Amino acid sequence: MSFLTYLINGLSLGSIYAIIALGYTMVYGIAKMLNFAHGDFIMVGCYIIFSVSAALSGNSVVGIIVAIILCTLLGVTTEFVAYRPLRGAASPLAVLITAIGVSYLLENIALLIYGADIKSFSSVVKWEGLSFADGQLKIQGVTIVTIVVSVVILVVLQLFINKTRQGQAMLAASEDKGAATLMGINVNRTIALTFAIGSSLAAVAGALLCSAYPSLSPYTGAMPGIKAFVAAVLGGIGSIPGAMIGGLVLGIVEILSKTYISSQLADAIVFGILVVVLLVKPTGILGKQIQEKV
Amino acid sequence: MNKFKRVFSAVLASAMVVSMLAGCGDAAPSGSGAEGSDAGSSSGGSVFKIGAIGPFTGAAAAYGNAVKNGAQIAVDEINAAGGINGTMIEYKSEDDELNAEKSVNAYNTLKDWGMQILVGSTTSACSIAVSENTKSDNMFQLTPSGSAEDCVKYDNVFRVCFSDPNQGIASAQYINDNNLATKVGIIYDSSDVYSSGIYQKFVQESEGKNYEIVSAEAYTQDNNTDFSVQLQKAKDAGADLVFLPIYYSDAALILTQANTMGYAPTFFGVDGLDGILTVENFDTSLAEGVMLLTPFAADAKDDLTVNFVKQYNDKFGETPNQFAADAYDAVYIIKAAIEKSGATADMSVSDLCEALKGAMTQIEASGLTSAKMTWEASGEPNKEPKAVVIKDGAYVSN
Amino acid sequence: MKKQTKNNLITYAIVIAAYIILEILMLTGNLSSHMKGLLVPMTYYAIIAVALNLCVGILGELSIGHCGFMCIGAFTSAFFSRATSESLPAAPRFIIALLIGIASAALFGFLIGIPVLRLKGDYLAIVTLAFGEIIKNVINAFYVGIDAKGLHFSMKSAMELNMDGGDTIVNGAMGITGTPHDANFTIGIVLLLISLFVVQNLVNSRDGRAIMAIRDNYIAAEATGINVTSYKMMAFTISAAIAGAAGVLFSHNITTLTASSQYFGYNASIMILVYVVLGGIGNIRGSVIAACILYLLPELLRGFSTYRMLIYSIVLIVMMIVNWSPKVIEWRKRTFGRIGAGRRKAA
Numbered sequence: 001m002s003f004l005t006y007l008i009n010g011l012s013l014g015s016i017y018a019i020i021a022l023g024y025t026m027v028y029g030i031a032k033m034l035n036f037a038h039g040d041f042i043m044v045g046c047y048i049i050f051s052v053s054a055a056l057s058g059n060s061v062v063g064i065i066v067a068i069i070l071c072t073l074l075g076v077t078t079e080f081v082a083y084r085p086l087r088g089a090a091s092p093l094a095v096l097i098t099a100i101g102v103s104y105l106l107e108n109i110a111l112l113i114y115g116a117d118i119k120s121f122s123s124v125v126k127w128e129g130l131s132f133a134d135g136q137l138k139i140q141g142v143t144i145v146t147i148v149v150s151v152v153i154l155v156v157l158q159l160f161i162n163k164t165r166q167g168q169a170m171l172a173a174s175e176d177k178g179a180a181t182l183m184g185i186n187v188n189r190t191i192a193l194t195f196a197i198g199s200s201l202a203a204v205a206g207a208l209l210c211s212a213y214p215s216l217s218p219y220t221g222a223m224p225g226i227k228a229f230v231a232a233v234l235g236g237i238g239s240i241p242g243a244m245i246g247g248l249v250l251g252i253v254e255i256l257s258k259t260y261i262s263s264q265l266a267d268a269i270v271f272g273i274l275v276v277v278l279l280v281k282p283t284g285i286l287g288k289q290i291q292e293k294v
Numbered sequence: 001m002n003k004f005k006r007v008f009s010a011v012l013a014s015a016m017v018v019s020m021l022a023g024c025g026d027a028a029p030s031g032s033g034a035e036g037s038d039a040g041s042s043s044g045g046s047v048f049k050i051g052a053i054g055p056f057t058g059a060a061a062a063y064g065n066a067v068k069n070g071a072q073i074a075v076d077e078i079n080a081a082g083g084i085n086g087t088m089i090e091y092k093s094e095d096d097e098l099n100a101e102k103s104v105n106a107y108n109t110l111k112d113w114g115m116q117i118l119v120g121s122t123t124s125a126c127s128i129a130v131s132e133n134t135k136s137d138n139m140f141q142l143t144p145s146g147s148a149e150d151c152v153k154y155d156n157v158f159r160v161c162f163s164d165p166n167q168g169i170a171s172a173q174y175i176n177d178n179n180l181a182t183k184v185g186i187i188y189d190s191s192d193v194y195s196s197g198i199y200q201k202f203v204q205e206s207e208g209k210n211y212e213i214v215s216a217e218a219y220t221q222d223n224n225t226d227f228s229v230q231l232q233k234a235k236d237a238g239a240d241l242v243f244l245p246i247y248y249s250d251a252a253l254i255l256t257q258a259n260t261m262g263y264a265p266t267f268f269g270v271d272g273l274d275g276i277l278t279v280e281n282f283d284t285s286l287a288e289g290v291m292l293l294t295p296f297a298a299d300a301k302d303d304l305t306v307n308f309v310k311q312y313n314d315k316f317g318e319t320p321n322q323f324a325a326d327a328y329d330a331v332y333i334i335k336a337a338i339e340k341s342g343a344t345a346d347m348s349v350s351d352l353c354e355a356l357k358g359a360m361t362q363i364e365a366s367g368l369t370s371a372k373m374t375w376e377a378s379g380e381p382n383k384e385p386k387a388v389v390i391k392d393g394a395y396v397s398n
Numbered sequence: 001m002k003k004q005t006k007n008n009l010i011t012y013a014i015v016i017a018a019y020i021i022l023e024i025l026m027l028t029g030n031l032s033s034h035m036k037g038l039l040v041p042m043t044y045y046a047i048i049a050v051a052l053n054l055c056v057g058i059l060g061e062l063s064i065g066h067c068g069f070m071c072i073g074a075f076t077s078a079f080f081s082r083a084t085s086e087s088l089p090a091a092p093r094f095i096i097a098l099l100i101g102i103a104s105a106a107l108f109g110f111l112i113g114i115p116v117l118r119l120k121g122d123y124l125a126i127v128t129l130a131f132g133e134i135i136k137n138v139i140n141a142f143y144v145g146i147d148a149k150g151l152h153f154s155m156k157s158a159m160e161l162n163m164d165g166g167d168t169i170v171n172g173a174m175g176i177t178g179t180p181h182d183a184n185f186t187i188g189i190v191l192l193l194i195s196l197f198v199v200q201n202l203v204n205s206r207d208g209r210a211i212m213a214i215r216d217n218y219i220a221a222e223a224t225g226i227n228v229t230s231y232k233m234m235a236f237t238i239s240a241a242i243a244g245a246a247g248v249l250f251s252h253n254i255t256t257l258t259a260s261s262q263y264f265g266y267n268a269s270i271m272i273l274v275y276v277v278l279g280g281i282g283n284i285r286g287s288v289i290a291a292c293i294l295y296l297l298p299e300l301l302r303g304f305s306t307y308r309m310l311i312y313s314i315v316l317i318v319m320m321i322v323n324w325s326p327k328v329i330e331w332r333k334r335t336f337g338r339i340g341a342g343r344r345k346a347a
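Protein chains in written order, with my numbering: chain V, 1 to 294; chain P, 1 to 398; chain C, 1 to 347.
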């Protein structure tokens, strides 16, 4: 029974990683850039929900909607101001460094506005959850909601990309920007749209992250962000189902290695698994094997 | 383009060098200028320059800012009341980002400013690194919250807080003497000096006590969101008391997660747990029954605490935690030591240090963190830890 | 003189000139203690930036875990110095510690290079990040003590060492305290010059050209008979070794050494990457200058107190856009290019 409990805890953590990884992988897949600030978008989303809920005496639904809108705006603005000027720069590293600058900027703004002390976040999921076998096995409401939401997002994103014109444009832009431009696709607009989607996902992820682990500080997003990035790579970066699988695998591995091996070395084990997986499958679990052209 | 880049970087570099040199040039005259102008205004002839160091940005910023603000209040109070023997205090704080190397940089910055006495660094590793420099400059250093054993290894360094080993011993004693538990689980932060220090001593001290340690699970700062495993293990091992030698920010999360799991042992903490009731939006009913050994309680009813908490709240919009209280006391302790030794602001840094070193073992200070504190020449404070239990969202002395 | 040689000499000259100027300033008492304290950190950040530039710029493989090698160098050398701090005089002790630090970092670079260099692009980057985090995490759980019976190791806690008396040298998260303060500015500059010498000579050698050929087109390089794997390994190992040297300076400059994120985590590695990218990828001299400027910047911004890091992040973004944006570069060429051309004519 306790193994099942650990497994469910792993699933709970993994589904949060998955939902963050979805945003990461979207942006990477289309814009081909690692948005290191993604974790901080999550943090911004959390603070918005926190402030709005406090102002409206606990109404988190409005908070989530406001957070989604503002995060989308933030994502699009960041893309326009900080990332777009560097598209086509001599080295792809340039935009990576700018993303880090944005990450510092957001963290320090949050630090100035909200202070460094942690804030306790009230869960946006009020449901207690399910209980089996006389309360021996409990599944929290937020876990179930997170899993459902991440599956819904996965399906919607897949449909969007495969069935709509905008989605097809994204696919085209991700394959070959030059050719996509020749086909009459506005690549800049497509990438901006990707950022809008990715950032709104960050707001949703933030709401769920802070509901499951209710402490909020300017650095809340950093570590889950990097773990979710690892999850995205594990699943095959750029692949949307891969992000989902990578997130779940990472969460479960993390919890189980904490349980059965060492809670001190859990991170080393998680990263070790990543190394092993990449050595066996160099582009991640669901990543496409790229044929090299001579 | 390459050419431009070269020119650009050269311009940038020379701009930096110029500003650097200008900075150095400025430092001296502005320092002496400040002294000159103060000489006119204050009666003592000059001022005591007290500096503080702590992490004001980065993950530990909550602690550094508390120290900065706590010391600020004490300085303002002392100055408003006429200073130390009529000499005003000038106060300045610098950020170290929880980085020992930056802490030394911060120290050097303060030294250039003319600091005579250091209140800092806030965290243990930084404090140890800085003590190397204060030792060679022979500057008096009083760390409000550097609790690792090595923080006070030099004779010019004293501390306000308890040492880590002290807290581990006191906790083991207290749990034993009050028959609080038969089976104890521990959750500690293995990446943190403070937490692992207390943990080690606690385990050593638990030998032969009337309880047994059934689980000891670590976590790291990179992995401090999910505590379900650590809690589940303690639960499965049947621990009826969980010892939390950690800071309140992680503890708030642990209490919430224990609650959702339906696990309700006695939680027992040390001074790092103080502050848990003031976490914004935290459901204090979760902390019901939590016991902690702490020298400071923000809702104590004595005049000193009430006044301090009010001022802190008015100025900084937050409820002060233990760090702020330690820093506040630190400034008053320095005041007491200066008064005792009769030191004056025109003494050299080294003479001042010698005078204060001698005075520290003679003074008996009372402050927010203890009604009666005395010091050993080793730098360790003698004060009694207070055990409190949280009832109805407030500390109740046990 | 060949252009390349001249270029290299300019780099050495800049470093030596900076050293002489700063030494004179120090001797005449014109340097504030704050600046004096920054000198050694500047040299080791310059050294690790050179090391990373070898990996990123010359070898063309993005590493975001280089601080892991610095961590290895720092810990192994500090361990040695700490263990022998009473039995050996400072000079030989530091030299041996330096060699130990470099050798262990090189060894780890070699071992990690075997799996890592089989990967490509962002996947390689993330694996280096993973290794950096693994090194940090493992060292944090490492306990080593010395007593009369010899060395004791544990991965669990200091109590498991089972020592009678003795001295716990590496104490898990508390790391190593009390490393002798053996590093100074002169040693830092000497090490910087040596690393520059090693890297610049490598770049101009046959081996270096092979390495750059691999960077530019590894299929073509392989076709011409270059042993891709061994050259990659060589560059990566040298890079790790130099990073290890930076680590030795690091641990002998401050007395507390802990394997925490702010020194050796991915964030720190990325900061080094920022130095390399702003200094110019593949431009060794640029790395040294950028490392010094960017290390100084937050220190010089101390006057802004709470807004310090905010301003730093904005400056970082602006510098990146000014230096790298294709549009800005074009605009710069149009406006400044003319002035430059005019000046050249006038001259």
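Backbone N, C-alpha and C fix where the C-beta goes; we use that ideal spot for every residue, glycine too. Predicted model only: the values in this text are computed from it and were never measured.
**Message:** Cβ closer than 7 Å: which chain P residues qualify as neighbours of Pro41(C)?
**Reply:** In chain order: Glu101.
**Prompt:** Would you call Tyr422(P) buried or exposed, if buried means 16 or more other Cβ atoms sit within 10 Å of its Cβ?
**Reply:** The question about residue 422(P) has no answer, for chain P in this structure spans 1 to 398.
**Asked** Where are the beta strand (DSSP E) runs, 3 residues long or more, that stay fully inside the stretch 147-201 of chain C, in chain order?
**Response** Here the runs fully enclosed are 150-154, 167-171.
**Prompt:** What does a CB cutoff of less than 7 Å around Pro241(V) pick up in its chain, not counting 5 residues either side in sequence?
**Reply:** Excluding residues within five positions, the ones whose Cβ falls inside 7 Å are Leu154, Leu286.
**Request:** Show which residues of chain P have a CB atom less than 9 Å away from the CB atom of Lys36(C).
**Result:** The contacting residues are Asn108.
**Request:** On a CA-only basis, which of Gly175(C), Ser63(C), His152(C) is nearest Gly165(C)? Give me that one, please.
**Result:** From the listed residues Gly175(C), Ser63(C), His152(C), the smallest Cα separation to Gly165(C) is found for His152(C).
**Message:** Measuring straight from C-alpha to C-alpha, what distance separates Lys92(P) and Leu31(C)?
**Reply:** Cα atoms of Lys92(P) and Leu31(C): separation of roughly 21 Å, rounded to the nearest angstrom.
**Prompt:** What residues from the stretch 181-196 of chain P come within 9 Å of chain C, judged by C-beta to C-beta, listed N to C?
**Reply:** Correct list: Asp189, Ser190, Ser191, Asp192, Val193, Ser195, Ser196.
**Asked** Is there contact between the stretch 233-253 of chain V and the stretch 197-209 of chain P, where contact requires at least three CB pairs shorter than 8 Å?
**Response** Segments in contact, no.
**Request:** Keeping to the same chain, check which residues put their C-beta closer than 7 Å to that of Gln262(C); ignore five residues upstream and five downstream.
**Result:** Hits under 7 Å: Ala268.
**Asked** So is Gln232(P) in contact with chain V if we call contact Cβ pairs under 8 Å?
**Response** Contact of Gln232(P) with chain V is assigned, a C-beta pair being separated by under 8 Å.
**Prompt:** Taking Cβ positions, are Cys71(C) and Phe236(C) nearer each other than 8 Å?
**Reply:** No, these two residues do not count as a Cβ contact at 8 Å.
**Request:** Report the three-state DSSP secondary structure of Gln140(V) (helix, strand or coil).
**Result:** If DSSP states are grouped into helix, strand and coil, Gln140(V) belongs with the strands.
**Request:** Can you tell me which of the three DSSP states Gly101(C) falls into?
**Result:** Note: Gly101(C) maps to helix in three-state DSSP.
**Message:** Once the 5 residues before and after Asn283(C) are set aside, which same chain residues still bring their CB inside 8 Å of it?
**Reply:** Excluding five sequence positions before and after Asn283(C), the CB atoms of its chain that fall closer than 8 Å to its own CB belong to Asn53, Gly57, given in chain order.
**Prompt:** Who are the near neighbours of Val204(V) in its chain, counting only those whose CB is closer than 6 Å to its CB and skipping five residues on each side?
**Reply:** Correct list: empty, nothing qualifies.
**Prompt:** For chain V, is any of its Cβ atoms less than 8 Å away from the one on Val229(P)?
**Reply:** True, the Cβ-Cβ gap to chain V drops below 8 Å.
**Asked** Taking contact to mean at least 3 C-beta pairs separated by less than 8 Å, is the stretch 249-269 of chain P in contact with the stretch 226-235 of chain P?
**Response** Enough Cβ pairs lie closer than 8 Å, so yes.
**Request:** Using a Cβ-Cβ cut-off of less than 7 Å, list which residues of the stretch 259-282 of chain V approach chain P; keep chain order.
**Result:** The residues in question are Thr259, Ser263, Gln264, Ala266, Asp267.
**Asked** Going along chain C, which residues have a C-beta under 8 Å from Asp112(P)?
**Response** Here the neighbours are Ser32, Ser33, His34.
**Prompt:** Curious, which full-length beta strand (DSSP E) runs of at least 3 residues does the stretch 182-269 of chain P contain?
**Reply:** Secondary structure remark: continuous beta strand (DSSP E) runs of at least 3 residues inside the stretch 182-269 of chain P, in chain order: 183-189, 212-219, 241-244, 266-269.
**Prompt:** Apart from the five residues on each side of it in sequence, which residues of its chain come closer than 7 Å, Cβ to Cβ, to Lys135(P)?
**Reply:** Counting only Cβ-Cβ distances below 7 Å, and skipping sequence neighbours, we find Tyr154, Asn156.
**Asked** Taking C-beta to C-beta, are Glu94(P) and Arg302(C) nearer than 8 Å?
**Response** Yes.
**Asked** Of all the CB atoms in chain P, is at least one closer than 8 Å to the CB of Thr255(C)?
**Response** So, interface residue.
**Backbone secondary structure at Gln362(P) - three-state DSSP** = Here Gln362(P) sits in coil by DSSP.
**Below-8 Å beta-carbon distance, Ser285(P) vs any chain V residue** = It does not: the Cβ of Ser285(P) has no partner Cβ on chain V nearer than 8 Å.
**Message:** I'd like the list of long-range same chain contacts for Asn179(P), defined as Cβ closer than 8 Å, with 5 residues on each side in sequence excluded.
**Reply:** Leaving aside the five residues that flank Asn179(P) on each side, the residues in its chain whose CB is nearer than 8 Å to its CB run, in chain order, Asn210.
**Request:** With a threshold of 16 other CB atoms inside 10 Å of the CB of Ala180(V), please say whether the residue is buried or exposed.
**Result:** The residue in question, Ala180(V), is buried, as its Cβ has 16 or more Cβ neighbours within 10 Å.
**Asked** Who are the neighbours of Val104(P) on chain C, taking C-beta pairs under 7 Å?
**Response** Within 7 Å Cβ-Cβ: Gly37, Ile254.
**Request:** Mind listing the chain C neighbours of Leu105(V)? Cutoff is C-beta to C-beta under 8 Å, in chain order.
**Result:** Going along chain C in sequence order, the residues near Leu105(V) (Cβ under 8 Å) are Leu310, Ser313, Ile314, Ile317.
**Item:** At least 3 beta-carbon pairs within less than 8 Å: the stretch 210-224 of chain P vs the stretch 264-274 of chain V
**Value:** Result yes; three or more Cβ-Cβ pairs closer than 8 Å.
**Message:** Considering only the alpha carbon of each residue, which of Ile64(V), Glu79(V), Ile16(V) lies closest to Thr194(V)?
**Reply:** It is Glu79(V) whose Cα lies nearest to the Cα of Thr194(V).
**Prompt:** Touch check for the stretch 293-301 of chain C and the stretch 160-180 of chain C: three-plus C-beta pairs under 8 Å?
**Reply:** Contact annotation: the stretch 293-301 of chain C does not touch the stretch 160-180 of chain C, with fewer than three C-beta pairs closer than 8 Å.
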